[in-house]
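Those letters in the sequence shown? Residues 2 to 127, per this note's numbering, in order. We put the beta carbon where it would ideally sit given N, CA and C, even for glycine. Since we're looking at a predicted model, the values are computed, not measured. So the structure is just underneath, and the comments pick up after that.
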Amino acid sequence: MNKDDLLNKASEFLGEATEKARQFSSEALEASKSFAESAKKTIQAEKLDYEISRKYREIGKLVYSAYEEEGSYEHVADELCEEINALFDQIIAIKLGEDADVSDEEKEGIIEEVNDIIEEDNEDEE
2 MNKDDLLNKA SEFLGEATEK ARQFSSEALE ASKSFAESAK KTIQAEKLDY
52 EISRKYREIG KLVYSAYEEE GSYEHVADEL CEEINALFDQ IIAIKLGEDA
102 DVSDEEKEGI IEEVNDIIEE DNEDEE
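Structure follows, in structure tokens:
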């Protein structure tokens, strides 16, 4: 093997190594972007979970207060219930993507999952 062949082989090897390094770097960057986006969505959903939990407590306080003062609590918390439903819709959009076509059954599953998380958090606080 002469000197030119050796240089060509070395150059070829370095070119392939450089391309592999670029490809690896690109894949690592995409993976980190994907992870960051996933973490961001998780944080957004957790903030909404907390807001739902807070509204549940507000409903409880409103119902109790209305019962104590008026002896009835009918429709006292309707507005808060609507706000909670809107928060659930936001969580569903985050978890399944903005353009996801979600069946009522899938929505119920996600709502149950969020409620379970909220109940666990409330038990941990007690």
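- By the CB criterion at 7 Å, L63 and V77 fall inside the cutoff.
- Straight-line measurement puts the Cα of K21 at about 16 Å from the Cα of K10.
- Each residue's CA atom was taken as its position, placing K96 and D5 some 58 Å apart.
- Within the same chain, and ignoring the five residues on either side of Y57 in sequence, the residues whose Cβ sits closer than 8 Å to its Cβ are I85 and I119.
- A Cβ-Cβ contact shorter than 7 Å links A46 with I92.
- Distance from the CA of D105 to the CA of G98, rounded to the nearest whole angstrom, comes to 16 Å.
- Rounded to the nearest angstrom, the gap between the Cα atoms of L30 and G110 is 33 Å.
- If you check the CB distance, L81 and E52 do not come in under 7 Å.
- By the criterion of a C-beta distance shorter than 6 Å, Q24 is surrounded by no residue of its chain, once the five residues flanking it on both sides are discounted.
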